[in-house]
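From first to last, the protein sequence lines stand for chains C and P. If you're matching positions, the first sequence starts at 1 in the working numbering and goes up one per residue. If you're matching positions, the second sequence starts at 327 in the working numbering and goes up one per residue. Take a look at the structure set out below.
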Amino acid sequence: MEHINRKALDVFRQNREIISLYFVVLAIVILGMVFFPAFRGRQNLINLMNQIVPIGFVALGQTYVILTTGIDLSVGSVMSLTTVLAATRMNGGDFQSVIITLLLVFAAAIVVGGFNGLMIARLRLEPLIVTLATGSIVGGIALFLLPHPGGYVPYPFTQLWSQTVFNFVPMGFLYLLIIIALSYFLLRNTRFGRWVYATGGNERKARNTGLKVDLVKVKVYITCSLFASFSGLALASRMHSGDPLSGNPFTLFSVAAVLVGGTTFSGGRGGILNTVAGIFILSLLRIFLNIAGVSPYFQNLLTGLIIIAAVLYSSYSKGSLKGGVS
Amino acid sequence: MENIGKTFPGVKALDDVGIELYGGEVLGLVGENGAGKSTLMNVLNGIVQPDEGKIYVDGEEKEFSSLIEAQNSGIAYIQQELNLIDELSVQENLFLGKEPLTPFRTIKFRELFKKTQEVLKSLGLNISPREKAGNLSLAKKQMVEIAKALLFDAKIIVMDEPTSSLTDEEINVLYKLICRMREEGKGIIYISHRMEEIFSFTDRISVLRNGACVGSKSTKEIDHDGLVRMMAGRDVEERFFKEETQTGPVLLELDSIHGQGKVEDVSIQLRKGEILGIGGLMGSGRTELLETIFGIFPPREGRLTLDGKPFKPTSPYQAMDQGIAYIPEDRESKGLFLDFSILANVSLTRMEKDKSLYNEANHRISIDRVSEKLGIVAPGLDSRVENLSGGNRQKVILARWIHAGMKVLLVNEPTRGIDVGTKTEIYKLLYDLNKQGVGIIVVSSELTELLMISDRIVTLYEGQLSGEFSRKEANKEVVLQAMTGKKEMVTGTG
């Protein structure tokens, strides 16, 4: 018995950060329910889940990248391009067209992610600059294909996302849960996952230990792009159409969710559970602001402030602002 | 290793060095700072590729182009900066890159845990395999690295200054480990500045001096003085000693300064035209003290007086403005803009002082003069600092401060990584500045150097003053004792 207690205490000690994060999530939910009667209903919870889906995938993908001390600023454009492809290539929604469109979307994402990864890993270019540039290229292609919002995402496909299971959980949210579980497992229990942490923890040491750091980076950027395309599909099916600029705000949201969750740019710290909490915190706050009738412009301002607060908190609590010593 | 040679731009780091290591022996590798020990070990471990020479392992010729290749040939390198990733657990660190996998390519954590526990237990270490490496003490991290070497059956284990931050008790544990590995027939190369350890740990000693191997002796055949003679070559040459100088009035006074980190209650005086040496081990607060005076980390408590006026440094900019100059120990990362020209590097600080538009022609004329006086060897003022040797780089920083003008010069490790010839030039330059009335504070981990150039020496131990010696009183023994507090007695040129 004592042994089990100690083990439980150990688990708690090692995961104190995560546990406290989820207390924050819980607190926000409870406060929301107390102050906003509108938030209590079933339909509102379904809305919440639907809102979380597009930001969810892309933030998970961003987590992989930031864990290796990188950043991917092209995700928004990948999402935009995905909505454009979905809205222009699916025709009436016959099975064959949908499959071909999906393959096209995933291939595009893999090309973008692979290009990012290769430029960053092999040519040692700055992630910030590379992904900013590819983001601009991909965004340009999206605008070229569909200069104005439009097109049509057929009903059978949107059904795949919006239909609810048990009359409560949207399919899209289920997909997200599956990806969360997979990512959690991948980062924790596989060699690839541990190498992601090692690369972010100290790249030089990881190389010295014989890890294929370059390969890890390429894989991470491909994963991130792929996840962004999932988000794009979710977005497209919610809009029922394509929009060449619709993905743009998600670049910042994805980075924000990761940072609010406590994963830091110094690499190797944090993880999937952190980001999931970050996603919830950000989404809940936005929903409350919506319910409270705050202008969307003001919401952006608040998002920025929240990011700064999160970054300040994590850099102070980890003591990384301490000066160097001899 | 045979006839190993390595030349870095401007410095011949290794010259025809040969050492051999047998199974079941501990080879001590000693030499003064900059003698080439680390470079030699970097060559052995594939971090640096030699220009000439060959490496044989078990009679087989090897060429290592990376650390991993050396590891695969059974060489483990335990560097001063340990190679553990803080964010991963002990077990993950031990098996990083060699994780046992299930058919589904996931890690067999149970096996990882069991094997890690076994090896840790066999070393008598009480460390949980699941603990994050970042939570371990330095000593324990070191043991984990040794465990890693044992786990993958390394035949050759290189340890670079393993005890520099260990307590006596931890050193004992390490000693037992080394004995055990020796009994198992492994070959160990042990690098240390601590003579006591070299004599008690090793079977044989190889001595490096200025990039050449000056001899290998069985430990039994040589005594302390003999070894020091081999390392130093000759007794320190008298002619570079600073002449007795008339020192002026007090220039800088520290009154019970509490600074960054451990620095506590330090009171010292620096006179005009004096070189004050500060001795102390790594981590004694010597660098922090200089950085406090230079305003990088403003003092928490205490008073400073400069030229009779109260002085409160809050930033390097402000300290500079008052005539304080600082040459950091790691000049490449903290002092110089490597891809800028000499001109750009030297003119920087003066520009701040002039508070007028930058006139390159004016700077060029006066910097040219300074550069000539200091004897900076370079194709011209426009050459990039990156291409200069260590000694010339140091002169560039010195030139910067001379160009800007200063009252007090703080120098941290004036001759680190600088070859012997240039060292004496640097000393002379410091003496010249001294004559012009500049007060100089020198921090050096080379005791010989400290004794040679200082008019007065104070020692720091754990952030507090532990001794003060005039030139007449100072000798290696008493200064070292003061530097190491009273707990340890270490002799050597540490």
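Every residue gets a Cβ at the ideal spot worked out from N, C-alpha and C, and that includes glycine.
- By the Cβ neighbour-count rule, P:Ser526 is exposed, with fewer than 16 other Cβ atoms within 10 Å of its own.
- Taking 8 Å as the cut-off, the beta carbon of P:Pro488 is found no closer than this to the beta carbon of P:Leu476.
- Contact of P:Gly423 with chain C by beta-carbon distance below 7 Å involves Thr209, Gly210, Leu211.
- When only Cα atoms are considered, P:Pro740 and P:Leu700 end up about 15 Å apart.
- Annotated as distal: P:Ala670 and P:Met732, with beta-carbon spacing of 8 Å or more.
- By the neighbour-count definition (other C-beta atoms within 10 Å, threshold 16), P:Arg436 is an exposed residue.
- A direct Cα-to-Cα measurement between C:Ala109 and C:Phe173 gives close to 21 Å.
- The beta-carbon distance between P:Gly599 and P:Lys761, rounded to whole angstroms, is 7 Å. This is short enough to meet the 8 Å contact definition.
- Put simply, the CB of C:Arg194 is near chain P, with a gap under 8 Å to one of its CB atoms.
- At least one C-beta of chain P is nearer than 8 Å to the C-beta of C:Gly268.
- In this structure, C:Ile279 lies away from C:Ile18, with their beta-carbon atoms at least 8 Å apart.
- If you look at P:Gln595, you'll find it in the beta strand (DSSP E) that goes 592-597.
- Exclusion of the five residues before and after P:Gly611 leaves Gly587, Lys588, Val589, Leu786, Gly789 as the residues of its chain whose Cβ lies within less than 7 Å of its Cβ.
- A check of alpha carbon separations from P:Thr748 across P:Val374, P:Asp708, P:Pro575, P:Lys721 identifies P:Lys721 as the nearest.
- What C:Thr190 touches in chain P, judged by beta-carbon distance under 8 Å, is Arg431, Thr432, Ile433, going in chain order.
- Collapsing the DSSP output to three states places P:Lys802 in a helix.
- Taking 8 Å as the upper bound for CB-CB distance, P:Thr675 and P:Met646 are in contact here, some 6 Å apart.
- Around the C-beta of P:Thr640, fewer than 16 other C-beta atoms lie within 10 Å, and the residue is accordingly described as exposed.
- Within chain C, Gly210 have C-beta atoms less than 7 Å from the C-beta of P:Ile394, given in sequence order.
- Between P:Arg710 and the set P:Leu662, P:Val696, P:Ile752, the nearest pair of CA atoms involves P:Leu662.
- A distance below 8 Å between beta-carbons, with the five flanking residues on each side excluded, links P:Glu387 to the following residues of its chain, in chain order: Lys380, Ile381.
- When C-alpha distances from C:Leu104 are compared across C:Arg40, C:Pro249, C:Ala309, C:Ala87, the shortest belongs to C:Ala87.
- Not a single CB atom of chain C sits nearer than 8 Å to the CB of P:Ile482.
- For P:Met485 and P:Ser364, the gap between their C-alpha atoms comes out near 10 Å.
- Residue environment: C:Arg194 is assigned as buried (16 or more neighbouring CB atoms within 10 Å of its CB, all protein chains considered).
- Taking a Cβ-Cβ threshold of 7 Å, the residues of chain P close to C:Lys205 are Asn409, Ile411, in chain order.
- By alpha-carbon distance to P:Ile394, the top candidate from C:Leu301, C:Lys205, C:Ser229, C:Val24 is C:Lys205.
- Under the 8 Å criterion on CB atoms, P:Leu420 is classed as non-interfacial with respect to chain C.
- Taking a contact as a CB-CB distance under 8 Å, the pair P:Thr631 and P:Phe623 does not count as one, their CB atoms being some 19 Å apart.
- The beta carbon of C:Met33 sits closer than 8 Å to the beta carbons of Phe39, Arg40 from its chain, once the five residues preceding and following it are set aside; these are given in chain order.
- Closest option to P:Met367, judged by alpha-carbon separation, among P:Glu686, P:Leu683, P:Ile515: P:Ile515.
- In the DSSP assignment, C:Leu67 forms no beta bridge with any residue.
- Within chain P, the residues whose beta carbon sits less than 7 Å from that of C:Ala198 are Ile411, Leu414, Leu422, listed in sequence order.
- Not a single CB atom of chain C sits nearer than 8 Å to the CB of P:Gln443.
- Taking the Cβ atoms as the reference, P:Lys466 lies roughly 6 Å from P:Ile453, within the contact range of under 8 Å.
- Here C:Gly242 carries a strand assignment [DSSP, helix/strand/coil].
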